[in-house]
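J.: Take a look at this one; I'll ask things after.
In the working numbering, the protein residues as written are 11 to 165.
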């Protein structure tokens, strides 16, 4: 009888270890992020605010988990041997491409916003969209310069 209980306990602890390994491997985080994306899409397609709110709550929980494990993120997501480690040249190219993409995108947003605001006499319904684009571009600039100042002090 005691041997059966011990075997049962070993089986339960084995299951717990398998579940913990799924959490530690990053597979759970990947599955959860795909699920959250699916909730966003379903909520937007169905027009159901409760599904979108559930996605926001899960996203906040995911961000909290990622923040707690921020030191292990590279280890969690690059555990696979098929992942190629990037060198400094690749990182520099990615940074330059991202900076150029950001600049062009914000410039296009600003120009589109200015054009929509300029057309306010002919198309007054587009004024709000133009103002929204300008405000979004200003927010992007504030976010960019704030993060740049942060990383400038950090490094």
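Yeah, the Cβ is synthetic: ideal placement off N, Cα and C, and Gly gets one too.
All figures in this text were calculated on a predicted structure; none of them were measured in a lab.
1. CA-CA distance, residue 38 and residue 109?
2. Measure the alpha-carbon distance for residue 12 versus residue 42 and round it to whole angstroms.
3. Thinking C-beta only, is residue 53 closer than 7 angstroms to residue 62?
4. By the three-class DSSP mapping on this structure, what secondary structure does residue 130 have?
5. By Cβ distance, which residues of its chain are closer than 6 angstroms to residue 154, with the 5 residues on each side in sequence left out?
6. Measuring only the C-alpha atoms, how far is residue 148 from residue 113?
7. Would the region 132 to 147 and the region 155 to 164 be scored as touching if the rule is three or more Cβ pairs under 8 angstroms?
8. Do residue 103 and residue 123 have their CB atoms nearer than 7 angstroms?
9. Mind checking residue 49: buried by the 16 CB within 10 Å criterion, or exposed?
10. Check whether the Cβ atoms of residue 116 and residue 150 lie closer than 7 angstroms to each other.
11. Can you tell which of 46, 130, 99, 111 has the C-alpha that lies nearest to the C-alpha of residue 68?
12. Just mark residue 157 as buried or exposed, buried being the case when its beta carbon has 16 or more other beta carbons within 10 Å.
13. So what's residue 81 in DSSP terms, helix, strand or just coil?
14. Apart from the five residues on each side of it in sequence, which residues of its chain come closer than 6 angstroms, Cβ to Cβ, to residue 126?
T.: Result, derived from the coordinates:
1. 32 angstroms
2. Caution is warranted here: a pLDDT of 49 is assigned to residue 12, below 50, making its placement in the model unreliable, and the coordinate value is therefore given only provisionally. If I take the Cα positions, the gap works out to 39 angstroms.
3. yes
4. coil
5. none
6. 12 angstroms
7. no
8. no
9. buried
10. yes
11. 46
12. exposed
13. helix
14. 136, 139, 140
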